[in-house]
Amino acid sequence: MPAPFNTIDLTTLALKPGEGRRLDLELIPEPLELGGETYDFGSEPARGRLEVSRTASGHAMRLSLTAKLYGQCMRCLAPSEFEFEVESREIDQPGSGDEELASPYVVEDELDISAWAHDAIALAVPVTLLCRPDCAGLCPECGISLNDIEGEHRHEREPDARWAKLRELMD
Ligand SMILES: [Zn+2]
Ligand SMILES: [Zn+2]
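The sequence shown: position 67 = 55 (my numbering), numbered continuously.
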């Protein structure tokens, strides 16, 4: 099993132009703040793969990860687990003179995998994290989770006096 690592010196791969390397990696990304709540990655490292290819004047890199995030469902607030796939590409050609081609995650040939993974995960996280796609949410009257209820959940309501008044006026 590969040891978790956070950075890698690209020069140690000693790739010639056109050559590539594929590395299995494990990392524990930093927790994310979403909608005022903290979502973390638990104690199990996220598993992923880093592919590095040497270009004429730099490196092209691809990171793919399966990340498991833990936190509350944004609809029913139940503690939940969310799993998703992350894929990101970077190009670093420091000698090209083109800033677009310099990766912000590579400094002096050192690739910061943790920072890259964190940003890639933040971009890949769905806007709404739900415990399940059809999460029924909470009852607006009593706050009970509607996922836990079999059948219909209803509150008998007192007839609203204002409606009665309005009906009188409309007659
Ligand atoms: Zn839910
Ligand atoms: Zn209710």
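C-beta: ideal position from N, C-alpha, C; glycine also.
- Spanning the alpha carbons of V113 and A105 requires a straight line of approximately 12 Å.
- By the 16-neighbour rule on beta-carbons within 10 angstroms, S31 is exposed.
- Here K56 carries a strand assignment [DSSP, helix/strand/coil].
- Per DSSP, reduced to three states, the secondary structure at T0 is helical.
- Secondary-structure assignment with DSSP links G36 through a beta bridge to L13, L53.
- In this structure, DSSP gives E75 an extended state, which the three-state scheme calls strand.
- In this structure, I101 and L38 form a Cβ contact; the two beta carbons are roughly 7 Å apart against a cut-off of 8 Å.
- Going by DSSP, D107 is part of the alpha helix (DSSP H) stretching over 101 to 112.
- Residues lining ligand 2 by the Cβ criterion, that is a Cβ closer than 6 Å to any of its heavy atoms, are C127, E129, C130, I132, H141, H143 in chain order.
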